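Visitor: For the protein sequence lines, the chains are A and B, in the order given.
Our numbering applies: residue 1 is where the first sequence begins, and numbers increase by one.
Our numbering applies: residue 381 is where the second sequence begins, and numbers increase by one.
Quick one: the structure is below, and I'll ask about it shortly.
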Amino acid sequence: MVIDVYNPAYLAYDFGPGHPFSPIRLEMLLDLLDALGHPFHPMSPQPASREDLLTVHSEEYVSAVEAASSSGTAADPDRFGLGTPDNPIFPGMDLAGRFVVGGTLEGAHLLYYDKATTVLQLGGGMHHAQRNRASGFCIYNDLAVAIRYLLDHGSTVAYLDIDVHHGDGVQAIFYDDPSVLTISLHESGEYLFPGTGEVHELGAMYGRGRKLNLPLAPFTEPDSYLKAFTAVVPQALAWFRPDFLVVQAGADAHAADPLADLLLTTQTYETLFKRILEYGEKYCRGKVLFTLGGGYDVRSVPRVWALLYLTVHDLPVPTDLPPEWRQRWQEKLGTDLPAAMHDPETGGPAVPLREEIAAHNRRVTERLLDSLMPYWYLGV
Amino acid sequence: MLVRDIMKSPVITVDTDASLSSVYSVMHDHGIRHVPVMRRGVLVGVVTDRDLRLATSALAAKPFSPQAKVEKVMSQPVRTADPLDPVEEAARTMRQLKIGCLPVTSGGALAGIVTGVDLLDALLRLTGVSTGSSRLEVGLPDHPGELARLTGLLAARQVDIRSVLSHADSPGRVRVVLRVATIDTKAIAQELRAEGFEVLWPPQKPW
Numbered sequence: 001m002v003i004d005v006y007n008p009a010y011l012a013y014d015f016g017p018g019h020p021f022s023p024i025r026l027e028m029l030l031d032l033l034d035a036l037g038h039p040f041h042p043m044s045p046q047p048a049s050r051e052d053l054l055t056v057h058s059e060e061y062v063s064a065v066e067a068a069s070s071s072g073t074a075a076d077p078d079r080f081g082l083g084t085p086d087n088p089i090f091p092g093m094d095l096a097g098r099f100v101v102g103g104t105l106e107g108a109h110l111l112y113y114d115k116a117t118t119v120l121q122l123g124g125g126m127h128h129a130q131r132n133r134a135s136g137f138c139i140y141n142d143l144a145v146a147i148r149y150l151l152d153h154g155s156t157v158a159y160l161d162i163d164v165h166h167g168d169g170v171q172a173i174f175y176d177d178p179s180v181l182t183i184s185l186h187e188s189g190e191y192l193f194p195g196t197g198e199v200h201e202l203g204a205m206y207g208r209g210r211k212l213n214l215p216l217a218p219f220t221e222p223d224s225y226l227k228a229f230t231a232v233v234p235q236a237l238a239w240f241r242p243d244f245l246v247v248q249a250g251a252d253a254h255a256a257d258p259l260a261d262l263l264l265t266t267q268t269y270e271t272l273f274k275r276i277l278e279y280g281e282k283y284c285r286g287k288v289l290f291t292l293g294g295g296y297d298v299r300s301v302p303r304v305w306a307l308l309y310l311t312v313h314d315l316p317v318p319t320d321l322p323p324e325w326r327q328r329w330q331e332k333l334g335t336d337l338p339a340a341m342h343d344p345e346t347g348g349p350a351v352p353l354r355e356e357i358a359a360h361n362r363r364v365t366e367r368l369l370d371s372l373m374p375y376w377y378l379g380v
Numbered sequence: 381m382l383v384r385d386i387m388k389s390p391v392i393t394v395d396t397d398a399s400l401s402s403v404y405s406v407m408h409d410h411g412i413r414h415v416p417v418m419r420r421g422v423l424v425g426v427v428t429d430r431d432l433r434l435a436t437s438a439l440a441a442k443p444f445s446p447q448a449k450v451e452k453v454m455s456q457p458v459r460t461a462d463p464l465d466p467v468e469e470a471a472r473t474m475r476q477l478k479i480g481c482l483p484v485t486s487g488g489a490l491a492g493i494v495t496g497v498d499l500l501d502a503l504l505r506l507t508g509v510s511t512g513s514s515r516l517e518v519g520l521p522d523h524p525g526e527l528a529r530l531t532g533l534l535a536a537r538q539v540d541i542r543s544v545l546s547h548a549d550s551p552g553r554v555r556v557v558l559r560v561a562t563i564d565t566k567a568i569a570q571e572l573r574a575e576g577f578e579v580l581w582p583p584q585k586p587w
């Protein structure tokens with residue numbers, strides 16, 4: 001049984017005009033699902049409580065967000081990352097953030113109490129938010145709150161992050177926790193935000209060997225990405241055997257994304273979603289909670305997440321996008337939108353250094369697996 | 381960054397009349413390769429694990445016995461650093477003399493020691509990432525005021541700079557690598573290009 005989670009209050013998570021993290025992306029997605037003729041009856045979550053937030057955030061940070069949210073300003077932007085160009089303050093940001101957390105937490109409830117096997121939270125994925133700091137468009141860390149809830153109920157959780165940016169907030173919050181396995185595939189921090197996510201970040205204390213990072217080279221192509229993914233993810237899940245799998249399904253590893261440099265296609269994403277469901281079935285009774293995440297190109301993001309929806313619900317993928325949807329959004333955005341659900345099959349652009357990039361990613365994969373062996377199989 | 385910021389202290393030392401085998405034990409027990417040698421509290425030499433191995437090797441013309449005194453095999457005189465020396469000065473000295481450590485003295489007393497590994501740690505600190513940031517790399521003409529023009533534009537956008545590294549990569553051009561505290565460097569790059577800057581990273585997508 002698949003349950004969707006969504007609340008129109010998510011649309012209030014809005015940093016204002018010109019900001020890449022625009023609620024328009026979500027509106028386009030919902031409108032697309034509607035135009036595709038799929039009745040959408042989501043569970044409508046309540047906002048998370050202050051106590052829920054305090055399971056992963058510090059009291060002083062939550063108070064700072066509340067104060068900024070009502071006053072519209074922050075005294076010292078550098079202190080908590082609030083009021084920076086990435087995370088401008090907007091009235092009501094506390095409540096908007098809590099609604100997003102509430103949705104992901106609701107997903108955890110539904111899985112834990114067996115109301116659902118798979119949950120699709122159509123929002124959230126705020127993986128950069130730190131215990132004490134807003135970062136990279138993320139205010140409250142919905143993923144960490146949901147994971148903490150499952151841990152507090154005696155479960156183990158695997159967290160898989162396919163956003164193009166490193167899932168640093170989730171990794172940091174559970175860095176020494178042996179009950180959480182994190183796996184992040186991302187463009188290398190040497191180039192891209194937030195800068196962390198190196199292979200050597202393996203976790204601390206009893207959490208060591210349970211924090212996995214695949215920092216991929218800029219301009220990584222689908223084949224190379226899928227090879228790295230397939231070499232690491234199923235093996236890690238087979239070893240860890242989580243009770244639950246939480247997936248941050250950012251769409252910004254797509255080639256058209258304006259913030260990053262990986263070259264995935266809609267076809268790659270469909271393959272990834274299918275494999276994730278397959279692994280979930282195999283290693284954790286199908287108990288998978290998907291959230292959205294980054295993704296800033298309006299021409300590709302609604303298609304990637306529509307593919308997520310269709311795959312999770314085991315629905316057929318249409319060849320073409322509904323013309324009336326395309327028409328409507330072309331007029332609203334004043335930009336041309338693709339007519340087909342998938343990217344053209346003609347293949348991507350000719351990438352210079354293609355072989356070197358693939359070789360680099362193979363080395364990164366080998367280095368990660370080599371570093372893990374002592375912790376996984378030798379009981380160090 | 382100064383020598384005092386990266387040096388190790390207190391320093392493990394041996395006396396001039398210590399035997400080679402006892403110095404070997406000191407190195408082994410503490411996991412170190414460089415040991416300053418003292419006579420009545422004054423620094424007079426440095427002995428390294430390599431000095432010991434060469435001195436006692438069966439391949440040596442006249443191998444020293446394990447009971448020989450360390451003063452017979454130590455290096456002297458000792459080149460030292462001052463706590464207030466910049467780390468690059470220490471690095472240059474070590475490279476020029478092909479040595480692996482510099483004892484640090486202050487007012488005649490031994491205050492610390494810097495090794496090549498400490499310099500690697502310094503490199504990691506200089507280039508490291510503590511809070512979220514992205515790479516921004518710009519080629520600047522080697523003229524006064526160019527870096528100021530660049531940082532001025534970043535300041536106007538309220539973008540915080542976490543670190544700056546630069547080196548001359550060809551005559552007349554300086555390559556500057558900044559870590560900036562924003563996730564959206566492409567927007568900045570676009571603005572910098574419009575202002576005539578040569579932005580080397582992030583790249584413009586050719587498609």
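Each residue gets a CB set at the ideal place from its N, CA and C atoms; glycine is no exception.
Treat the numbers as computed from the prediction; the structure is a model and nothing was measured.
#1: So B:Ser-514 is in the beta strand (DSSP E); what residue range does that whole segment cover?
#2: Skipping 5 residues on each side, what residues in its chain have a beta carbon closer than 8 angstroms to that of A:Ser-49?
#3: If we cut at 7 angstroms on Cβ distances, does B:Ile-372 have a partner in chain A?
#4: Can you tell me whether A:Tyr-377 is buried or exposed? The criterion is at least 16 other CB atoms within 10 Å of its CB, across all chains shown.
#5: At which residues does the beta strand (DSSP E) containing A:Val-312 begin and terminate?
#6: When you compare the CB positions of A:Phe-240 and A:Ala-144, do they come within less than 7 angstroms of one another, or not?
#7: Just the C-alpha distance for A:Val-312 and A:His-41, rounded to the nearest angstrom, thanks.
#8: Strictly below 8 angstroms CB to CB, what residues from chain A border B:Ser-513?
#9: Determine whether the Cβ of A:Leu-214 lies closer than 7 angstroms to any Cβ atom of chain B.
#10: Could you name the residues that DSSP lists as bridge partners for B:Gly-492?
#11: Is there a C-beta anywhere in chain B that falls below 7 angstroms from the one on A:Pro-85?
#12: Using only CA atoms, which one of A:Asn-87, A:Asp-161, A:Asp-261 lies nearest to A:Leu-292?
#13: Could you tell me whether the Cβ atoms of A:His-166 and A:Gly-197 are closer together than 7 angstroms?
#14: A:Pro-20 touches chain B at which residues, Cβ-Cβ below 9 angstroms?
#15: Please compile the residues from chain A whose C-beta is within a distance smaller than 8 angstroms of the C-beta of B:Val-509.
#16: Just grab the DSSP bridge partners of B:Arg-555 for me.
#17: Under 8 angstroms, with one C-beta from each stretch per pair, do the stretch 482-495 of chain B and the stretch 536-548 of chain B reach the 3-pair mark?
#18: Show which residues of chain B have a CB atom less than 7 angstroms away from the CB atom of A:Leu-259.
#19: Would you say B:Gln-584 faces chain A, with C-beta separation under 7 angstroms as the test?
#20: Could you tell me the distance, in whole angstroms, from the CA atom of B:Pro-463 to the CA atom of B:Ile-386?
#21: Alpha carbon to alpha carbon, what distance is there between A:Arg-285 and B:Leu-499?
#22: What are the boundary residues of the alpha helix (DSSP H) that A:Thr-268 is part of?
#23: Is there at least one Cβ from chain B nearer than 7 angstroms to A:Gly-286's Cβ?
#24: Runs of 4 residues minimum, wholly inside the stretch 312-349 of chain A: which ones carry the alpha helix (DSSP H) assignment?
#25: Please return the same chain residues whose Cβ sits closer than 7 angstroms to the Cβ of A:Arg-367, not counting the five positions on each side in sequence.
#26: Taking DSSP as the reference, what is the three-state secondary structure of A:Glu-198?
#27: So, is A:Lys-211 buried or exposed, given that buried needs 16 or more other C-beta atoms within 10 angstroms?
#28: Any contact of the stretch 50-68 of chain A with the stretch 23-35 of chain A, i.e. 3+ C-beta pairs under 8 angstroms?
#29: List, in chain order, every chain A residue whose beta-carbon is nearer than 9 angstroms to that of B:Arg-505.
#30: Count the other C-beta atoms from every protein chain shown that fall within 10 angstroms of the C-beta of A:His-127, then say buried if there are 16 or more, exposed otherwise.
#31: Relative to the C-alpha of B:Gly-508, which candidate in A:Gly-189, A:Tyr-140, A:Gln-130, A:Val-101 has its C-alpha closest?
#32: Determine which residues of the stretch 548-561 of chain B have a Cβ less than 8 angstroms from any Cβ of chain A, and write them out in chain order.
#33: On a Cα-Cα basis, can you pick out the residue from A:Gln-235, A:Ile-173, A:Leu-32 that is closest to A:Val-301?
#34: Run through the DSSP bridge pairs and tell me what A:Arg-133 is partnered with.
#35: Could you tell me the boundaries of the alpha helix (DSSP H) in which A:Val-65 lies?
Guide: For this structure:
#1: 514-521
#2: Arg-98
#3: Absent from the model: residue 372 of chain B. The displayed extent of chain B is 381 to 587, so no value can be given.
#4: exposed
#5: Note, A:Val-312: premise wrong, no beta strand (DSSP E); alpha helix (DSSP H) at 301-312.
#6: no
#7: 15 angstroms
#8: Phe-193, Pro-194, Gly-195
#9: no
#10: B:Val-484
#11: yes
#12: A:Asp-161
#13: yes
#14: Ile-563, Asp-564, Ala-567
#15: Gly-189, Pro-194, Gly-195, Thr-196
#16: B:Gly-519, B:His-547
#17: no
#18: Ile-563, Asp-564, Lys-566
#19: no
#20: 9 angstroms
#21: 50 angstroms
#22: 266-283
#23: no
#24: 323-333
#25: Val-199
#26: coil
#27: buried
#28: no
#29: Ordered by position in chain A, no residue passes the 9 angstroms Cβ test against B:Arg-505, which lies about 14 angstroms from the chain.
#30: buried
#31: A:Gly-189
#32: Arg-559, Ala-561
#33: A:Leu-32
#34: A:Gln-130
#35: 59-71
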